[in-house]
Amino acid sequence: MAKKKIRIELRKNRGKRHRANDLTRAFEDEKPAAAESAAGERVRPKGEMSRRRTIVADVGEDRDDAAAEGGAARRALDQSAWLSGRVLRVHGLVNVVEAEDGRTYPCHVRRILKSMAIDGRNVVAVGDRVWFRPPEPGGDEGFIERVEPRQGVVTRGYRGRRHVIAANVDSVLIVSALAEPGLKISLIDRYLAAAEFAGVHPVIVLNKADLVDVALYQWVVGLYSQLGYETIVTSASDGRGLERLRGVLRRGGVTAISGQSGVGKSSLLNALQPDLNLRVREVSDWTAKGKHTTTTAELIRLDAGGYVVDTPGLRQFELWGVLPGELEGCFVEFRPFVPLCRFPDCSHTHEGRCAVKDAVYWGWIHAGRYESYLKLYHQKPEEG
């Protein structure tokens, strides 16, 4: 494949941090007319305002995607010694990568990848398919040279940055507890919206069924089942629903398990495959919230086939990359009514003759789901 030289953006490592809603910064970022010459050549200042580098990339690669994923664009290096693999764990600066032959290698990320100007917290995430250079003879660690484009990304917004929880997943188990810490419908709705936006198949798991009267929560199972979402009631203590959950994982591929702290994600995995011996802890008596036991995401190979990503519990979940106008597509029950609204750009929040609001009034759309939509539309945080 032909090569060409391109310029990539690097992070400004000497810039000052700004507030998220800084109107002064937006005003100062406006470029003066003199910055563009008649010939179309931009005047590039040096220092913290300009961090670029010339690299060699394959002709035809999408430059934006390359910069976003941190791997398609790369320097001309000897690739004969590179191996392909998948990231199993990320421990600070060290990434554990599994090669195709099953061997694992601790690897660092090349500085050029870490320096790229991306919107994510880290350039490498659990589940990434990478090309890496194994440790040299006598060495202990290799280097990740390239990250392949991602498919099926479980992500959230965190402190104004994109946090990739797991990459290249086929489905996600949205685990919530019926008790200790208790069911949060709005948090489940946020996970569902994120899964719909990412194109990942969601499965809802209502855990700790042994602590409650399940009959009181049948309306929750009916609500999501009618929307077409597979909903499973489980208990790691008495084994309820585990066989059905095992069948979901047997479908193969990569399944991410996500949810707030203390809902029993690691306990379910231990019940499904006891030799995992994942650490578990009790819910705090003081805050009634889960304690962070799983501190980092890990890609685990299952004996029955496929992979599962055990992720840390999340106290806060915000959507990332979803514009308010795109949010209606993340709620499956809105779709039949959206074309019937009076205004083509209806936000379904305040407009008159809105078919979605009418559907809520007549009970065709659940009022709780509509409240979750309003919180997301107005970007109100939801804590678990």
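For what it's worth, numbering that gives the first Met the number 0 labels the leading residue of the sequence shown as 0, then goes sequentially.
Virtual Cβ for every residue (Gly too), placed ideally from N, Cα, C.
Please read these numbers as outputs of a predicted model, since none were measured by experiment.
In the DSSP assignment, find the alpha helix (DSSP H) that holds L339 and state where it starts and stops. Looking at the DSSP string, L339 is not in any alpha helix (DSSP H), and its letter there is neither H nor E.
Would you mind reading off the limits of the beta strand (DSSP E) that contains A176? Residues S170 to A176.
Is it right to say P201 is buried, meaning 16 or more other beta carbons lie within 10 angstroms of its own, or is it exposed? Result: buried.
Using only the alpha-carbon positions, how far apart do R73 and Y223 sit? No answer about R73 holds up, because its pLDDT of 45 lies below 50 and its placement is not dependable.
So, for A166: in the same chain, excluding its five sequence neighbours on each side, which residues have a beta-carbon less than 6 angstroms away from its beta-carbon? Taken in chain order, the residues that qualify are A124, G126, D127, R149 and V152.
Does the beta-carbon of G156 have 16 or more other beta-carbons within 10 angstroms, so that it is buried, or is it exposed? Classification of G156: buried, given that the 10 Å Cβ count is 16 or more.
Does the distance from the C-beta atom of I143 to that of V93 stay below 8 angstroms? V93 is positioned such that its CB atom lies no closer than 8 angstroms to that of I143.
Using the Cβ count rule (16 or more neighbours within 10 Å means buried), how would you classify N276? It is exposed - the Cβ of N276 has fewer than 16 other Cβ atoms within 10 Å.
Output needed for W319: all residues of its chain with C-beta closer than 7 angstroms, excluding positions within five of it in sequence on either side, in chain order. Counting only Cβ-Cβ distances below 7 angstroms, and skipping sequence neighbours, we find T154, R155, G156 and R161.
Smallest Cα separation from G251: which of G351, S83, V108 and R300? Ranking G351, S83, V108 and R300 by Cα distance to G251 puts R300 first.
Provide the residue span of the beta strand (DSSP E) that contains V163, from first to last. From DSSP, the beta strand (DSSP E) with V163 extends over R160 to A165.
Alpha carbon to alpha carbon, how far is C106 from G137? Give it in angstroms, no decimals. Spanning the alpha carbons of G137 and C106 requires a straight line of approximately 15 angstroms.
Considering only the beta carbon of each residue, do A176 and N206 sit closer than 8 angstroms? In terms of Cβ geometry, A176 and N206 form a close pair [threshold 8 angstroms].
Selection from Y306, G324 and W361 that minimises the alpha carbon distance to C345: Comparing Cα positions, the closest option is G324.
Assuming contact is defined by CB atoms lying nearer than 8 angstroms, are L186 and F316 in contact in what I supplied? Contact flag set, yes.
Report the residue from G198, E350 and E297 whose alpha carbon sits nearest the alpha carbon of S265. Cα-wise, what sits closest to S265 is E297.
With the cut-off set at 8 angstroms, would you say V220 and V204 are in Cβ contact? The answer is no: Cβ separation not under 8 angstroms.
Please state the DSSP three-state secondary structure of Y369. Three-state DSSP puts Y369 in a helix.
Taking only the alpha-carbon atoms, compute the straight-line gap between L375 and V321 and give it to the nearest angstrom. The alpha-carbon atoms of L375 and V321 are separated by roughly 10 angstroms.
Whole-angstrom distance between F196 and E40, CA atom to CA atom: In this prediction, E40 has a pLDDT of 41, which is less than 50 and means its spatial position is unreliable; nothing more can be read from the coordinates.
Decide if S249 is buried, meaning its Cβ has at least 16 other Cβ atoms within 10 Å, or exposed. This sequence places Arg at residue 249; Ser is not what is there. When all chains shown are included, R249 counts as exposed.
Taking DSSP as the reference, what is the three-state secondary structure of L301? Reduced to three states, the DSSP call for L301 is coil.
Taking the alpha carbon of Q217 as the reference point, which residue from L182, H90, E370 and E332 has its own alpha carbon closest? Comparing Cα-Cα distances from Q217 to each of L182, H90, E370 and E332, the minimum goes to L182.
Compare the C-alpha of C340 against each of R239, G263, K356 and Q272 and name the closest. Per the C-alpha coordinates, the member of R239, G263, K356 and Q272 positioned closest to C340 is K356.
Which partner residues of D309 appear in the DSSP bridge assignment? For D309, which the question treats as bridged, DSSP gives the partners I256 and E297.
Looking only at its chain, what residues have a beta carbon closer than 7 angstroms to the beta carbon of Y369, apart from the 5 residues adjacent to it on each side? The answer, listed in chain order, is V359.
Counting only runs of 3+ residues fully inside the stretch 121-156, write out the beta strand (DSSP E) ranges in chain order. Listed in chain order, they are 128-132 and 141-146.
Under 8 angstroms between C-beta atoms of A98 and R132: Taking 8 angstroms as the Cβ cut-off, A98 and R132 do not qualify as a contacting pair.
Contacting residues, own chain, Cβ-Cβ under 8 angstroms from K45 (five flanking each side not counted): A caution first: K45 carries a pLDDT of 46, below 50, which makes its placement in the model unreliable, though a value can still be read off. Correct list: empty, nothing qualifies.
Exposed or buried, what is A235 when buried is set at 16 or more other beta-carbons lying within 10 Å of its beta-carbon? So A235 counts as buried.
How many Å lie between L326 and G198 at the Cα? If you take the alpha carbons of L326 and G198, they lie about 14 angstroms apart.
Going by the CB atoms, is the gap between S257 and Y190 shorter than 8 angstroms? Contact annotation: Y190 and S257 have beta-carbon atoms nearer than 8 angstroms.
Status (buried if at least 16 other CB within 10 Å, exposed otherwise) for S371: It counts as buried.
Cβ separation of E179 and L210, assumed to be a contact under 8 angstroms, to the nearest whole Å: Right, the Cβ-Cβ distance comes to about 6 angstroms (below 8 angstroms), so this counts as a contact.
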